[in-house]
Every structure is written in C-alpha cells, then in structure tokens.
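Trainee: Let me give you the structure first, and then I'll get to my questions.
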Amino acid sequence: MYVFGIDIPLVEVILAIGIVGIILLLEITIVLLLITYLMRNSRLLEKKISKLIDALTSLNKSELKELRKLKALSEKPKRKKSKKK
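Below, the structure written as structure tokens:
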C-alpha cells in the first residue's frame, strides 16, 4: 500500500489501528468505572447530608420548644408573699 509515495505494509497499519483502538477502549472503561464510583460516593454523601439536615432541624425545633417554655415561665406574674403578723 502506497501512502504519499511510501510503501507501507497493510498488516502494520491494521496492527497499529488495532492497538490504538484497544488503548482507547481501556481508557473509556477506566473513565466509566471512575464516574460510577464517584456517583455512588456522591449519593452516599447526599444521604449523609440529608440526615445531618434532619438532625439539625429537629434540634432547632426542640430548642424553640424549650425557649417558649422559658418565655412562658418568665411572663407569669410573681406572687408577693403576704406578711403575717
């Protein structure tokens, strides 16, 4: 086979294209494996973040209840002790 006036054997061309194709396929599989691994980690991270948000909101609700109780206690009028003679 002549390419730009140089005789190149067809077997070597097919072999080179095959090697490049195999390298590309390996690279694609590695990239896909890494993407799926990172997606799985991001899902786990999302679950943990949602649990953390739920915990923080429940703490906030309980703190608000306690503050309302304290506010209600402080607003009650204090009774003065009567002096007995």
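Letter by letter, the sequence shown follows residues 6 to 90 of the numbering used here.
Ideal placement from N, C-alpha and C gives every residue a C-beta, glycine not left out.
(1) Pull up the distance between the alpha-carbon of Leu20 and that of Pro14, whole angstroms please.
(2) Checking the sheet assignment: what are the DSSP bridge partners for Asp12?
(3) May I have the straight-line CA-CA distance separating Lys56 from Gly26, to the nearest angstrom?
(4) Rounded to a whole number of angstroms, what is the C-alpha to C-alpha distance between Leu72 and Asp59?
Mentor: With the given structure in hand:
(1) For this step, residue 20 is matched to residue 15 along the sequence shown. For this step, residue 14 is matched to residue 9 along the sequence shown. Between Leu20 and Pro14, the C-alpha separation is close to 10 Å.
(2) Stepping through the sequence shown from its first residue, residue 12 is reached at position 7. DSSP, once it has assigned bridges, lists Tyr7 as partnering Asp12.
(3) Locating residue 56 in the sequence shown gives position 51, counting from the first residue. Locating residue 26 in the sequence shown gives position 21, counting from the first residue. Approximately 45 Å between the Cα atoms of the pair.
(4) Taking the first residue of the sequence shown as position 1, residue 72 is located at position 67. Taking the first residue of the sequence shown as position 1, residue 59 is located at position 54. If I take the Cα positions, the gap works out to 20 Å.
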